[in-house]
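**Q** Sharing a structure below in structure tokens format, with a few things to ask.
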Amino acid sequence: MYLVRHFRKKRPRSGTPADNRVQYPDAEDRHHRSSQPRPQPVTPTSSSNMAQQMYCPLFSKLSAELRLLVYKASLGDLSRPTHILVMTKGFSFTRCLEPDPEKPGLDHKCGFPFYFAPSPGNDGFREYRMEPPYIPTRERLVSLLLTCRRIYYESVDILYTHNIFHIKLLGTLQLFSKCLMPHRFQSIRILHLSVVLQKKLRRWDDNIFYPPEDEAEWDNSCAVLASMIGLRELKIELRHSFWLERNPGELMNDEWLLRALKPLSTIQLEVPIFEVQIPFQLTGNVKSRLGQIRFEIIYGEPLW
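Residue numbers (full-length UniProt numbering): 1 to 304.
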């Protein structure tokens, strides 16, 4: 009986008080600890101390080549765009759900998860509402990356190299470049950008879905594009909202084209596919003032 009571008795661990109470550090100890540099966390892409996961059928039965095909089928899609969205809690993205994914980007409803709808009472005000078919699909797309560290390490690059990223707002492009790690942002291969440019905004009709972009934002965005050294395809759709100006004829001229196309000449990347779609024809004056350009000009329609 004595032996049973002796072994049932809980003994304190070495270095801990017998009553098992939590010992809180005093103020000086807390200050000393806070002044010490914190250890750097292990990055998700680090291969140090990574388990081989040999009990997982994905690694035990499939070769590296077959696993790569699985990752491409799960994370990549080169047949339709992936729209980048700015949400209240950060970035999200959704696969294009349009029947015709090849149509101009500003005509895609799924590229912007909200739409204008009359408010209750029909008092003339408008509100944003979420359209159910176009809810972002980020959670379903990145679920594979969250399974284990080795899968993340092997497949995360495919998310950036095997998707067609489409962005509609210049502010989204600039925030996207700041939130991603530089080497991830530069690994993007295909980018489509749709922009409504306006020289000066005098009024904004509430029936207009996309407000015009500021000229300074356009210059900053072109600098961001020039830093994307991994691009293999860059398509930019430039449109002009004519009805915002009292005298639209003054802006449908060479100056608007020069202001829109000149910043693109700073992009000195060797991009195999570099297309810029503009709403009206180039004149000889514009061509001579632009000089040599690295992009192909395609003629489209203005934003009506």
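All residues carry an ideal CB built from backbone N, CA and C; glycine is no exception. Since the model is a prediction, treat every value here as computed from it, not as a measurement.
From the DSSP output, which residues share a beta bridge with Leu193?
**A** Ile167, Ile236, per the DSSP bridge assignment.
**Q** For Tyr134 and Phe93, what's the separation of their Cα atoms in angstroms?
**A** Summary for Tyr134: the model assigns pLDDT 47, below 50, so the residue's position carries little reliability; its value from the coordinates is reported in the next sentence. Between Tyr134 and Phe93, the C-alpha separation is close to 10 Å.
**Q** Between His98 and His83, what straight-line distance do the alpha-carbon atoms span, to the nearest angstrom?
**A** In the sequence on display, residue 98 carries Glu and not His. Cα to Cα, Glu98 sits roughly 12 Å from His83.
**Q** Measure the CB-CB distance between Glu217 and Leu170 and report whether it falls below 8 Å.
**A** Going by C-beta atoms, Glu217 is nearer than 8 Å to Leu170.
**Q** I need the straight-line Cα distance from Cys110 to Thr147, nearest angstrom please.
**A** If you take the alpha carbons of Cys110 and Thr147, they lie about 28 Å apart.
**Q** Could you tell me which residues DSSP puts in a beta bridge with Gln277?
**A** Answer by DSSP bridge pairing, in chain order: Glu237, Ile298.
**Q** Do you know how far the Cα of Ile190 is from the Cα of Asn163?
**A** Approximately 7 Å, taken between the alpha carbons.
**Q** Just mark Gly291 as buried or exposed, buried being the case when its beta carbon has 16 or more other beta carbons within 10 Å.
**A** That one is exposed.
**Q** Nearest CA to the CA of Glu270: which residue from Ile229, Lys262, Leu264?
**A** Of the candidates Ile229, Lys262, Leu264, the one whose C-alpha sits nearest the C-alpha of Glu270 is Ile229.
**Q** I need the straight-line Cα distance from Asp254 to Ala223, nearest angstrom please.
**A** Each residue's Cα considered, the two are about 23 Å apart.
**Q** Just to confirm my understanding: we take Ser187, look at its own chain, exclude 5 residues before and 5 after, and list those with CB closer than 8 Å. What are they?
**A** Excluding positions up to five away in sequence, the list reads Asp157, Tyr160, Thr161, Gly230.
**Q** Please name the residue in Pro272, Tyr299, Pro81 whose C-alpha comes closest to that of Thr283.
**A** Comparing Cα positions, the closest option is Tyr299.
**Q** What does the alpha-carbon distance come out to for the pair Val70 and Glu215?
**A** Cα to Cα, Val70 sits roughly 43 Å from Glu215.
**Q** Alpha carbons only, please: which of Phe176, His192, Met181 is nearest the one belonging to Phe165?
**A** Measuring from the Cα of Phe165, the nearest candidate turns out to be His192.
**Q** For Asp100, does the three-state DSSP call read helix, strand or coil?
**A** Asp100: coil per DSSP, three-state reduction.
**Q** If you run the structure through DSSP and keep just helix, strand and coil, what is Val224?
**A** In the structure shown, Val224 sits in a helix (DSSP, three-state: H, G or I).
**Q** In chain order, what residues of the same chain lie with their CB nearer than 8 Å to the CB of Ser79, ignoring the 5 residues before and after it?
**A** The residues are Pro101.
**Q** Would you tell me roughly how many angstroms separate the C-alpha atoms of Phe125 and Arg149, rounded to the nearest one?
**A** Only weak support exists for where Phe125 lies, its pLDDT of 41 falling under 50; the value from the coordinates is given anyway. Looking at the two C-alpha atoms, the distance is approximately 49 Å.
**Q** Kindly indicate the opening and closing residues of the alpha helix (DSSP H) around Val286.
**A** Looking at the DSSP string, the run of the alpha helix (DSSP H) that includes Val286 is 284-290.
**Q** Hey, out of Lys61, Pro263, Phe280, whose CA is closest to Phe295's CA?
**A** Nearest of Lys61, Pro263, Phe280 to Phe295, Cα basis: Pro263.
**Q** Per DSSP, what kind of secondary structure is Ile293 in: helix, strand or coil?
**A** DSSP places Ile293 in coil when its eight states are reduced to three.
**Q** Can you tell me whether DSSP reads Thr266 as helix, strand or coil?
**A** Correct three-state label for Thr266: helix.
**Q** Using DSSP with H/G/I as helix, E/B as strand and the rest coil, what is Val86?
**A** The answer is strand: DSSP assigns Val86 an E or B state.
**Q** Quick one: residues in its chain with C-beta nearer than 6 Å to the C-beta of Arg60, no 5 flanking neighbours on either side, listed in chain order?
**A** It should be pointed out that residue 60 corresponds to Ser in this sequence rather than to Arg. If we look at Ser60 and ignore the five residues flanking it on each side, its Cβ neighbours are Met54.
**Q** Please go through the same chain and pick out, in chain order, the residues whose beta-carbon is closer than 6 Å to the beta-carbon of Ser194, but skip the five residues on each side of it.
**A** Counting only Cβ-Cβ distances below 6 Å, and skipping sequence neighbours, we find Gly105, Leu106, Lys168, Glu237.
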